[in-house]
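Enquirer:
In full-length UniProt numbering, the protein residues as written are 1 to 626.
1) Within this structure, are the beta carbons of residue 309 and residue 357 separated by less than 8 Å?
2) Which whole-angstrom value is the C-beta distance of residue 390 and residue 370, which I expect to be below 8 Å?
3) Just to confirm, is the Cβ distance from residue 114 to residue 68 under 8 Å?
4) By how many angstroms is the C-alpha of residue 407 removed from the C-alpha of residue 394?
5) Among residues of its own chain, excluding the 5 on either side of residue 447, which ones have a beta-carbon nearer than 7 Å to its beta-carbon?
6) Determine which residues share a DSSP beta bridge with residue 38 and list them.
7) Are three or more beta carbon pairs between the stretch 334-354 and the stretch 369-384 nearer than 8 Å?
8) Run through DSSP, which three-state label would residue 628 get?
9) Considering only C-alpha positions, which residue in the set 543, 515, 343, 355 is nearest to residue 439?
10) Tell me whether residue 85 counts as near the ligand NAD, meaning its Cβ is closer than 7 Å to at least one heavy atom of that ligand.
11) Suppose you measure from the CA of residue 21 to the CA of residue 432; what does that come to, to the nearest Å?
12) Quick one: what does DSSP say residue 306 is sitting in, helix, strand or coil?
13) Is the beta carbon of residue 66 sitting closer than 8 Å to the one on residue 163?
14) Taking C-beta to C-beta, are residue 430 and residue 577 nearer than 8 Å?
15) Short of 7 Å in beta carbon distance, which residues of its chain neighbour residue 513, apart from the five on each side in sequence? Order them along the chain.
16) Strictly by DSSP, which residues pair up with residue 288?
17) Am I right that residue 475 and residue 531 are in contact with their C-beta atoms under 8 Å? What's the rounded C-beta distance?
18) Measure the alpha-carbon distance for residue 464 versus residue 441 and round it to whole angstroms.
19) Would residue 470 pass as a contact of residue 570 if the rule is Cβ separation under 8 Å?
20) Quick one: which unbroken alpha helix (DSSP H) runs of 4-plus residues sit fully inside the stretch 437-502? Chain order, please.
21) Do you know whose CA, among 427, 382, 561, lies nearest residue 319's CA?
22) Have a look at residue 40 and residue 596 and give me their C-alpha separation to the nearest angstrom.
23) For the beta strand (DSSP E) containing residue 346, name the first residue and the last one.
24) Is residue 173 helix, strand or coil by DSSP?
25) DSSP on residue 113, reduced to helix/strand/coil?
26) Tell me the DSSP secondary structure of residue 12 in three-state form.
27) So what's residue 564 in DSSP terms, helix, strand or just coil?
28) Among 515, 154, 223, which residue has its Cα nearest to the Cα of residue 199?
29) Which parts of the stretch 81-156 are runs of the alpha helix (DSSP H), unbroken and 4 residues or longer, counting only runs that do not cross its ends?
30) Specify, as a first and last residue, the run of the beta strand (DSSP E) that residue 70 falls within.
31) Per DSSP, what are the beta-bridge partners of residue 317 in this structure?
32) Any idea what DSSP makes of residue 589, helix, strand or coil?
33) Would you kindly report the start and end of the unbroken alpha helix (DSSP H) that includes residue 540?
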């Protein structure tokens, strides 16, 4: 895990609310609820619907002056959710936000959002058959179809007809002066159409809860129903590709013998060229090729034989988040694609003849997509580019860009370079900064490499930096064999942390590589639960770095042996921003940054408390609650 850490409590509750998936559709959702008396809402687990929809109703005024009831099948869920929403509204539990469960109630006359078990709301019908206190009832986890949930939904249908009955010209109708009742049925997985028909064809909104599963189903619909022709499926990243590859292969092995066979070919940037080339090979008669690709297949290449395209509408986007001056981190987010990407993907179908594109998103979603992607200059760290421009005698702040980068990002990059002594107080390039730019590394890692020449550990540092610069992780975990993997890799573990653990891995791999063929090396990596692709890529990177050292008069063979202190000191020189001190409560506080952080569970230091840590990767965790 390379010393990866997870920031805890770094975002305010309001920031967490904005980061929830449901927040992107807030306005559209409010409008749908405003326009319809009944809404069936299907959203994936973790989207935020249970905590956010009641708040949206309250904040928008859609619920009027009445109480918003949110039913839950279990009392623990009702009480914990109420506490969460109260915290998000910054109010005391039992006031604006309350709950009511069997033998326990925390609410007042001022309560506007009330989490209740479905049984308690059914009991309220005994004393108030029209639920007159409530202006909206949200039936959550409706897919569980408990007895009380079905009783409640049947009564809600009758109550709504009575309360929402319009008044005719003679003053008849709507026997009560009660406000109309809004009903929202919510779940992560339910038969939305069935619920909609029950409520007289109520409007239902749904998102695809699992685009990988949807792609799997769509592929086999094509495979069974459509004529021969290869299929190209667009997915966000490597993990999704590997997951879908396993699923398609598993089901393909179960197909009847008379069915067309399936061969799966993954395609992503980190895949070795020899494996990428398989997508261009012709398939045998009676075989359908299925290419699983990232957006690398949108424009870069044309794959012959593709007749069908499945577009999940998702991609990965790297974004740099600047925190305070000179601090920040990169995060890789799964996001919706743009209209231009959608058109490019559709254009991959039938390049050699008629083709079809199956989009796993609605027309409304397509219309809501931005026309094109935000330029990288506005969403990535500029530290490396700024150093290169300095070497060219140019000033990033004075260049006339089509899209000017954020000022905070520029300031953060300058602060980082100044901290690394790559620029001086007047923003001028230093001799050290020019030397750092000679290496194809991030400035922080280049600084560690140059420090290693001072401490006599260049060989060890190149081994570590080559792994850190690879496009994939050296350790991988099989969920079925996680315990075995941890036990097998224990032999590499170093008491000083992940960087020295990585060094132990490289040293062991070098010994195997000296005596084994590629097949033997691959087999050894598999037994050790190590990523063979990462190690082979790292060895290529190390070779290039060694050549760069020789070219620039640096002795890359300097070694400190088993003494880890020179290596750690060199790392700190480059990763000085990425350091944190142990706090009295057992957490770690960044030296240069606002975040409280903790050590990743996969780290070799996860079960230790040390005075200080230094890390090369900061992993942002977005907490999602339902």
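Backbone N, C-alpha and C fix where the C-beta goes; we use that ideal spot for every residue, glycine too. Because the structure is a prediction, the values reported are computed rather than measured.
Expert: Let me lay it out:
1) yes
2) Not a contact, Cβ separation roughly 33 Å.
3) yes
4) 17 Å
5) 420, 436, 573, 574
6) 183
7) yes
8) Here the chain covers residues 1 to 626 and nothing more, so residue 628 does not appear.
9) 543
10) Looking at this structure, you won't find the ligand NAD or any other ligand, since it has none at all.
11) 44 Å
12) In the three-state reduction of the DSSP assignment, residue 306 falls in the strand class.
13) no
14) The beta carbons of residue 430 and residue 577 sit no closer together than 8 Å.
15) 521
16) 262
17) 7 Å
18) 12 Å
19) no
20) 443-455, 458-468, 482-488
21) 382
22) 40 Å
23) Taken as a continuous stretch (DSSP letters only), residue 346 belongs to no beta strand (DSSP E), being part of the alpha helix (DSSP H) at 339-347.
24) At residue 173 the pLDDT is 48, less than 50, meaning the model places this residue with poor confidence and gives no usable figure here.
25) strand
26) coil
27) coil
28) 154
29) 118-127
30) That run of the beta strand (DSSP E) goes 67-72.
31) 333
32) strand
33) 532-551
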